[in-house]
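In the numbering used here, the protein residues as written are 113 to 421. Even for Gly, the Cβ is constructed at its ideal location relative to N, Cα and C.
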Ligand code: 13P
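See below:
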């Protein structure tokens, strides 16, 4: 069932586990996440990167929303890392449940202005907003410790940022990187504690770059308040490694069995993550009348905002 991101994250936080937000690009990705969620009885988030949104447009958004609606477990649909007001408005009008307004490439003051404006916009549609200060990137592994430190989330700045922008969720940079960890991952948990102290208890904490993080780092992050993990690389790798094009061509194989193999490989990874994040077997916690009310309220607010123009 299509469920508000607020409900998913707040319930996970209250019960001390985290929701996996999985980047998807096509029907196979959507199927892998929904099948994994149903098999594990887990809530989940289907997450579209802006490049995926640009590629798939409204048919891809409609696919995600319909798959979430018809799933037997709670699922929300989220726009990941968006730097564009236009893409954010498009996502909100289409009915996506939450957006990430990513101004982390901008100087701090400009990030604040962008995020504040996008938060006002998204809140008019009843959607949850995630933002980022500090800067996570896939190339951080190549940087020196001092350079890495400089890009990490500053707890004091984080406190000020969430107060001014009124975002609901904050993506923290504490040593996590997108893509493969080129050396042993090291997360700065002291920094995470200080961020939590500064942003207050109401802000939802998010950790990007969850591919390749060991179990004890995942559980420590959850204990310290992280309630959403973003996962892309490991699922994408499962897709690529399973899609054996040479073999398919040599055997003149039908497409459906090839796609089923790909879905199955991705599903296995997603299920492992759901176990790791503690969201497996928690779907029932999200199916209360209150959860349904929150989701219905978001949909009413979206309709009203569209109607008002
Ligand atoms: P990974 O590709 O490292 O799993 O990170 C995904 C992510 O953070 C998407 O926003």
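Contact set for residue i: own chain, Cβ-Cβ below 8 Å, skip 5 residues either direction
i           : result
residue 268 : 310
residue 308 : 317, 336, 337
residue 334 : 128, 129, 130, 389, 390
residue 257 : Below a pLDDT of 50, predicted positions are generally treated as unreliable, and residue 257, at 45, falls in that range; the measurement from the model is reported next regardless. There are no such residues.
residue 375 : 140, 143, 144, 147
Residues of its chain near residue i, where Cβ-Cβ distance is below 6 Å and the 5 sequence neighbours each way are ignored
i           : result
residue 403 : 119
residue 385 : 132, 343
residue 113 : 186
residue 122 : none
residue 421 : none
residue 378 : 144, 347, 350, 351
residue 330 : 388
residue 370 : 360
residue 358 : none
residue 164 : 137
Short Cβ contact (8 Å threshold) for residue i with residue j
i           : j           : result
residue 116 : residue 417 : no
residue 196 : residue 162 : yes
residue 200 : residue 157 : no
residue 312 : residue 285 : no
residue 248 : residue 290 : yes
residue 319 : residue 288 : yes
residue 154 : residue 395 : yes
residue 139 : residue 177 : no
residue 305 : residue 274 : no
residue 339 : residue 181 : no
residue 372 : residue 324 : no
residue 303 : residue 265 : yes
residue 159 : residue 192 : yes
residue 341 : residue 362 : no
Cβ-based neighbour list, residue i, same chain, cut-off 7 Å, excluding 5 preceding and 5 following
i           : result
residue 383 : 148, 151, 152
residue 381 : 346, 347, 350
residue 237 : 204, 413, 414, 417
residue 327 : 388
residue 263 : 246, 247, 252, 285
residue 270 : 245, 282, 307, 310, 311
residue 332 : 301
residue 419 : none
residue 401 : none
residue 398 : 115, 119, 120, 123, 155, 186
residue 405 : none
residue 364 : none
Okay, do the stretch 388-395 and the stretch 137-144 touch, 3+ Cβ pairs below 8 Å being the bar? no
Completely contained beta strand (DSSP E) runs for the stretch 200-251, where each covers 3 or more residues: Within the stretch 200-251, the complete beta strand (DSSP E) runs of at least 3 residues are 210-213, 240-244.
Quick check: the stretch 217-226 against the stretch 124-133, are at least 3 beta-carbon pairs closer than 8 Å? They do not touch, by the three-pair rule.
Any residue with its C-beta under 5 Å from a non-hydrogen atom of the ligand 13P counts. Can you list them all in chain order? 192, 290, 320, 321, 323, 342, 343, 344, 345
Pairs of beta-carbons, one from the stretch 240-250 and one from the stretch 205-222, closer than 8 Å: are there three or more? Enough Cβ pairs lie closer than 8 Å, so yes.
Let me know the beta strand (DSSP E) ranges lying completely inside the stretch 316-345, each 3 residues or longer, listed in chain order. Qualifying beta strand (DSSP E) stretches, in chain order: 316-319, 338-343.
Between the stretch 352-372 and the stretch 291-303, do at least 3 Cβ pairs fall closer than 8 Å? Of all C-beta pairs linking the stretch 352-372 to the stretch 291-303, fewer than three are shorter than 8 Å, placing the two stretches out of contact.
For the structure I just gave you, are there three or more beta carbon pairs, one from the stretch 145-158 and one from the stretch 177-193, closer than 8 Å? yes
For the 8 Å Cβ check, are there 3 or more pairs between the stretch 170-180 and the stretch 408-415? no
At 3 residues or longer, what runs of the beta strand (DSSP E) sit wholly inside the stretch 143-178? 156-160
Along the chain, which unbroken stretches of the beta strand (DSSP E) at least 3 residues long are found entirely within the stretch 259-304? 281-284
Write down every uninterrupted run of the beta strand (DSSP E) in the stretch 365-402 whose length is 3 residues or greater and which is fully enclosed by it, in chain order. The qualifying runs do not exist here; there are none.
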